[in-house]
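S.K.: This note's numbering applies: residue 1274 is where the sequence shown begins, and numbers increase by one.
Where is the CB? At the ideal position from N, CA and C, for every residue including glycine.
This structure is a prediction, so every number in the text was calculated from the model and none was measured.
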Amino acid sequence: MNEPLESFCDRWLASWTGGDPDRLLAFYAHDAVYIDPAWPDGLRGHAALHGYLSRLLRLYPDWVWRREALHPVPGGFILRWRARLHPDSTHEARGMDLIELEGGLIVRNEVYFDPRHLFGALR
1274 MNEPLESFCD RWLASWTGGD PDRLLAFYAH DAVYIDPAWP DGLRGHAALH GYLSRLLRLY
1334 PDWVWRREAL HPVPGGFILR WRARLHPDST HEARGMDLIE LEGGLIVRNE VYFDPRHLFG
1394 ALR
């Protein structure tokens, strides 16, 4: 990967805002695996990811993600992040992602966070 990891990560995080699943999917390989608390067994490939991300981004088009810390590891990085469901919200969810990269694209994305914090922000 020629681009610095921090730059790649920040562009990828920005693509989670705005409700455009195609913009976000451009960061993922066509056979990428995505795992989060809603899909602990994971989703594989653009078709499965597109369906899930379309619904998720429609629910939270204005959420804001920011990098708290990035730790390069062979073949990718570990990211600690903060996210707000709405830009004017004071509640922030915190979590981490394990990202594997090949050819400048995400081939595996494992997301870890406590979903109770997310649900608490919705009340």
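Mind the definition here: the stretch 1338-1353 touches the stretch 1301-1314 only if three or more C-beta pairs lie below 8 Å; say whether that holds.
M.R.: As far as the Cβ criterion goes, the stretch 1338-1353 does not touch the stretch 1301-1314, which means the pair count is below three.
S.K.: So, are the CB atoms of residue 1305 and residue 1318 less than 9 Å apart?
M.R.: Yes.
S.K.: What residue range does the alpha helix (DSSP H) around residue 1320 cover?
M.R.: From DSSP, the alpha helix (DSSP H) with residue 1320 extends over 1318-1332.
S.K.: For the putative contact between residue 1235 and residue 1323, defined by C-beta atoms under 8 Å, what is the C-beta separation to the nearest angstrom?
M.R.: Outside the shown range of the chain, which is 1274 to 1396, sits residue 1235, and nothing can be said about it.
S.K.: Please go through the same chain and pick out, in chain order, the residues whose beta-carbon is closer than 7 Å to the beta-carbon of residue 1368, but skip the five residues on each side of it.
M.R.: Result list for residue 1368: 1354, 1384, 1385 and 1386, in chain order.
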